[in-house]
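> Those protein sequences? They're chains R and P, same order as listed. For the first sequence, position 164 (counting from the first letter as 1) is numbered 205 according to my numbering, and the numbering increases by one without interruption. For the second sequence, position 86 (counting from the first letter as 1) is numbered 500 according to my numbering, and the numbering increases by one without interruption.
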Amino acid sequence: MLIAAKYEKKLGAATREAFGRTLVELGRENPDIVVGDADLTKSTMTTYFAKEFPDRLFECGIAEANMVGIGAGLALAGKIPFVSSFSAFVMTKGFEQLRVLVAYPNVNLKVVGTHSGISIGEDGPSQMSIEEIALACALPNFVVLSPADEVATRWAVRWAAQHKGPVFIRTGRPKAPIVYNSDAHFEIGKAVELVPGTDVTIVATGLMVAEALLAAGQLEGEGISARVLDIHTIKPLDEDALERAARETGALVVVEEHLVDSGLGVRVAQALAKRCPAPVEFIGLTGYAESGSPDELLDKYGLRAPNIVQAARRVLARKA
Amino acid sequence: MPQAWEGEADLRISEGLVAVLRKSARPLMFRFPEREFTLHIPAHAFEQYPVFGIARYQAREPYTAAEIRSLAERGIIGRPAKLPAARQAAARRRRPRPVSDFGVSNDALPAATLAGGCDMLVASMERIHDPAALASICKQIRRHIITMTGAAKSGHPGGSLSAVEIVVTLYWDVMRHDPARPDWPDRDRFILSKGHAAPVLYAALAECGYTPKETLNTLRKLGSIYQGHPDKRFLPALEASTGSLGEGLSVGIGMALAARLDGKDYRTYVLLGDGEIQEGQIWEAAMFASFRKVDNLCAIVDYNKLQLDGFVKEILDLEPLADKWRAFGWHVIELDGHDIPALQKAFAEAASTKGKPTVIIAHTVKGKGVSFMENNPKYHGVAPTPEEVELALKELA
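And the structure:
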């Protein structure tokens with residue numbers, strides 16, 4: 042399962058595509074799986090489910106708050122509903138409903154946000170979700186998953202379906218670089234150590250995991266041994282793995298396609314402050330982006346392997 | 415031509431069933447599909463004699479009481495019994511009378527098939543149709559609301575008092591539910607979307623037997639099952655946790671859709687406040703429910719004309735309200751929300767309206783039943799003082 046030290050970036054399916062395909066499999070296995078969508082089935086890829094199970098796909102129109110409410114009602118009546126839209130819409134326009142109808146009474150609703158981060162590209166900031174890790178993590182009872190590639194997404198969606206309680210899954214629009222072999226094994230709340238290392242740890246989630254692997258390869262060329270952790274479960278966070286990383290490597294870089302002040306980084310910092318304080322560098326967004334191709338945007342906003350390498354050098358310099 | 419016949423029949427049942435009846439204090443129902451009749455054994459039917467009692471029946475044919483007895487006993491205990499001599503003459507005098515509707519089967523669902531091809535049915539809480547009897551329950555509920563909010567020294571008495579007839583008619587007459595089994599999958603659902611009216615719901619649940627009456631006065635106190643707004647974590651018999659306005663109708667739609675997917679015939683009722691429907695989500699839900707023909711859903715607007723800041727028509731007017739719901743594709747019934755027979759009729763009309771959801775716009779009086787609270791904006795969110803409690807209880811005696 043572990044990737045060779047020299048990671049080669051090869052594109053696989055988009056994580057939203059993996060979500061849509063897995064949902065159909067689940068639909069075949071369990072008649073209680075139902076889906077809500079808000080006029081984006083062709084983008085969130087619930088369209089596959091809609092084609093095979095038209096009676097179990099509730100097209101809610103452009104009305105996310107109502108969709109979340111209907112999802113809560115379906116869950117309370119014994120169904121296993123997945124509601125889906127762009128992360129930017131379902132988590133913001135549905136937030137209050139997620140808070141009162143889902144999180145607080147611990148209702149068995151699954152929320153899947155697609156088109157997360159700036160890598161959606163040309164549509165621009167109104168469609169880009171860079172706040173929703175903060176929003177999802179702010180909701181008690183929610184499990185927050187952020188899979189890196191197709192294989193991880195398939196696991197995340199399947200895990201969500203069998204878990205009793207609310208789950209948010211963050212997926213993206215572009216084709217995702219392949220990180221895992223198809224037989225990879227995941228455990229909820231357990232970070233995956235993709236590359237062992239002793240000098241510094243790169244903590245990444247979602248699309249940034251592939252960049253972290255590339256960075257680890259570059260650092261190895263410079264004689265720096267970088268550990269790579271994939272945080273597929275942002276909540277609950279694997280504090281044990283982070284503590285081990287801090288003790289064994291003494292420095293960390295956190296990288297996420299999210300606002301740097303409210304996402305994975307601050308959660309990692311909190312965990313380390315509790316368990317084992319260590320110098321950390323944070324890579325993420327500091328404000329809203331713009332239109333452009335996904336690659337151009339990731340370059341311009343500093344979410345690339347070279348940015349991680351630089352951050353690693355900075356944090357190593359701070360190491361006592 | 416009458417569609418059905420009903421009458422009373424002597425019946426002998428087993429000691430075991432009598433024990434079940436006594437223990438549950440709940441009626442037993444049996445359906446005999448081949449003979450097309452249903453049998454309803456009231457909880458008190460066997461109080462006088464050990465195993466002989468009187469059951470009510472409804473049938474498609476004008477069976478005599480003796481025929482019913484013979485068929486029923488064969489079905490329930492396997493063989494017909496000989497009636498004691500003292501009861502034979504009375505049994506002969508009983509004749510079925512024609513009725514217009516064969517309504518019993520709607521009350522229940524098959525549970526177990528017994529010896530003679532009959533189904534033992536799980537019965538709902540016994541229904542009360544008599545408006546006078548319902549009105550006296552309303553009075554009791556109002557007394558609870560006053561004492562609860564008085565004891566809590568906070569809460570929302572006004573919007574609880576306005577909804578009493580609606581809630582009582584639903585829980586005692588209209589809805590299929592059983593306090594002994596709050597998780598009964600086929601129960602009708604009630605969602606208090608205007609969650610701040612929790613006292614009226616708590617009083618009803620307690621009077622039905624879901625929760626203890628003695629602790630109603632712990633309303634809003636630390637650890638109480640009677641939380642400030644309905645909280646399913648503390649009171650699992652609630653259908654949903656509510657309190658943030660505008661959200662219950664969507665939840666009701668979800669439950670109604672689940673019923674449809676599961677082929678179940680339970681109905682979902684959502685009680686909305688008038689101020690509450692200023693929320694945009696209500697209209698998202700309204701659009702959805704009519705477009706998807708969610709006709710197993712009934713919304714009730716407790717139109718008491720007042721919200722926290724004052725009169726609805728001065729805060730953000732809802733009129734023309736009936737036209738709005740009609741324009742959104744709903745079947746609309748407007749009535750006096752304190753008129754129990756009108757409510758009974760409206761809920762029946764809602765149940766028989768197919769192809770669209772029904773909204774009952776219930777014109778009510780905020781603070782209804784307590785003279786100094788009626789139409790007084792102050793009592794939206796202010797509890798009565800001990801002196802006011804005393805005064806109010808006198809009026810509600």
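The beta-carbon is built from N, C-alpha and C at its ideal position, and this holds for glycine as well.
Between R:Cys178 and R:Ile275, is the Cβ-Cβ spacing less than 9 Å?
Yes; because the gap between Cβ atoms is below 9 Å, this pair is in contact.
> Residue ranges of each beta strand (DSSP E) run of no fewer than 3 residues wholly in the region 178-251 of chain R, ordered along the chain?
Those beta strand (DSSP E) runs which fall completely within the region 178-251 of chain R and span 3+ residues are 184-186, 208-211, 216-218, 233-236 and 241-245.
> Check whether the region 535-550 of chain P touches the region 710-717 of chain P, taking contact to mean three or more Cβ pairs, one atom from each stretch, closer than 8 Å.
Contact fails: fewer than three Cβ-Cβ distances are below 8 Å.
> Run through the region 576-651 of chain P for me and flag every whole alpha helix (DSSP H) of 4 or more residues, listed as ranges in chain order.
If we require 4 residues or more, the alpha helix (DSSP H) runs fully inside the region 576-651 of chain P come out as 578-583 and 612-622.
> I'd like the span of the beta strand (DSSP E) that includes R:Tyr342, first residue to last.
R:Tyr342 -> no beta strand (DSSP E), and no H or E assigned at all.
> Establish whether the CB of P:Glu690 and some CB of chain R are separated by less than 9 Å.
Not an interface residue.
> Using only alpha-carbon positions, find the residue among P:Phe705, P:Ala457 and P:Leu425 that is nearest to P:Leu435.
When each option's Cα is compared against that of P:Leu435, the closest is P:Ala457.
> Using only alpha-carbon positions, find the residue among R:His299, R:Gly291, R:Asp279 and R:Ser128 that is nearest to R:Arg359.
Of the candidates R:His299, R:Gly291, R:Asp279 and R:Ser128, the one whose C-alpha sits nearest the C-alpha of R:Arg359 is R:Gly291.
> Is there a C-beta anywhere in chain R that falls below 9 Å from the one on P:Gln641?
So, not an interface residue.
> Quick one: using the 10 Å Cβ neighbour count with 16 as the cut-off for buried, is P:Leu630 buried or exposed?
Buried, since its Cβ has 16 or more Cβ neighbours within 10 Å.
> Mind listing the chain P neighbours of R:Gly119? Cutoff is C-beta to C-beta under 9 Å, in chain order.
Correct list: Pro599, Ala672 and Asp676.
> Cβ closer than 7 Å: which chain P residues qualify as neighbours of R:Cys101?
Chain P residues near R:Cys101: Phe702.
> Taking C-beta pairs closer than 8 Å, name the residues in chain P that R:Val131 reaches, listed in chain order.
By Cβ distance, chain P contributes nothing, its closest Cβ being about 14 Å from R:Val131, past 8 Å.
> So which residues on chain R does P:Arg647 lean against when the C-beta distance must stay under 9 Å?
Chain R residues near P:Arg647: Tyr145, Pro146 and Asn147.
> Between the region 264-279 of chain R and the region 232-242 of chain R, do three or more beta carbon pairs fall short of 8 Å?
In short, these stretches touch, since the Cβ pair count reaches three.
> Give a yes or no on whether the C-beta atoms belonging to P:Gly660 and P:Glu693 are separated by under 9 Å.
In contact: P:Gly660 and P:Glu693 (Cβ atoms closer than 9 Å).
> Would you mind giving the Cβ-Cβ distance between P:Leu490 and P:Ile555, rounded to the nearest angstrom? I have them listed as a contact below 8 Å.
The displayed chain sequence assigns Ile, not Leu, to residue 490 of chain P. That pair is no contact at about 37 Å.
> Apply the 10 Å Cβ neighbour rule to P:Phe604 and answer buried if 16 or more other Cβ atoms are within range, or exposed otherwise.
Flag for P:Phe604 reads buried.
> From R:Ile171, R:Val241, R:Ile272 and R:Met169, pick the residue whose C-alpha is nearest to that of R:Thr194; which is it?
The candidate whose alpha carbon is nearest that of R:Thr194 is R:Ile272.
> Of all Cβ atoms in chain P, is any one closer than 9 Å to the Cβ of R:Ala202?
Not one chain P Cβ lies under 9 Å of R:Ala202.
> Across which residues does DSSP place R:Thr133 in a beta bridge pair?
R:Thr133 is not bridged to any residue.
> Distance check for R:Tyr145 and P:Arg647, CA to CA, integer angstroms please.
One C-alpha to the other measures close to 9 Å.
> Does the contact criterion of 3 or more C-beta pairs under 8 Å hold for the region 92-111 of chain R versus the region 696-708 of chain P?
Yes, the region 92-111 of chain R is in contact with the region 696-708 of chain P.
> Can you list, in chain order, the residues of its chain with a C-beta nearer than 7 Å to that of P:Ser519? Leave out the 5 residues immediately preceding and following it.
Note on P:Ser519: pLDDT 44, under 50, position unreliable in the model; the coordinate value appears next. Within the same chain, P:Ser519 has close Cβ partners Arg445 and Thr452.
> Output the distance between the C-alpha atoms of P:Ala525 and R:Lys120, rounded to the nearest integer angstrom.
Below a pLDDT of 50, predicted positions are generally treated as unreliable, and P:Ala525, at 49, falls in that range; the measurement from the model is reported next regardless. C-alpha separation (whole angstroms): 23 Å.
> In chain R, what lies closer than 7 Å to P:Ile667 by C-beta?
Per Cβ cutoff of 7 Å: Ile111 and Gly114.
> Have a look at R:Gly61, R:Ala253, R:Gly112 and R:Val244 and flag the residue whose alpha-carbon is nearest the alpha-carbon of R:Lys83.
When each option's Cα is compared against that of R:Lys83, the closest is R:Gly61.
> The beta strand (DSSP E) with P:Ala418 in it runs from where to where?
Run containing P:Ala418: Ala418 to Arg426, per the beta strand (DSSP E) assignment.
> Determine the contact status of R:Ile210 and R:Ala201, defining contact as a CB-CB distance below 9 Å.
Cβ distance < 9 Å, so R:Ile210 and R:Ala201 count as in contact.
> Here's the rule I'm using: 16 or more other beta-carbon atoms within 10 Å means buried, otherwise exposed. How should P:Leu619 be labelled?
So P:Leu619 counts as buried.
> Could you pull out every residue in the same chain whose Cβ sits closer than 7 Å to the Cβ of R:Lys50, ignoring the five residues on either side in sequence?
Around R:Lys50: Pro218, Ala251 and Leu255.
> What would DSSP say about R:Thr56, mapped onto helix, strand or coil?
It is helical.
> How would you list, in chain order, the residues of chain P whose beta-carbon sits under 7 Å from the beta-carbon of R:Gln138?
Correct list: Glu661.
> When the cut-off is 9 Å and only beta carbons count, does P:Ser664 lie next to chain R?
With 9 Å as the cut-off, P:Ser664 counts as an interface residue toward chain R.
> Can you tell me the Cβ-Cβ gap for P:Ala617 and P:His558, rounded? I've got them flagged as a contact below 8 Å.
Their Cβ separation, rounded to whole angstroms, is 4 Å, which keeps P:Ala617 and P:His558 in contact under 8 Å.
> For R:Asp279, does the count of other Cβ atoms within 10 angstroms reach 16, so buried, or fall short, so exposed?
Buried is the call here.
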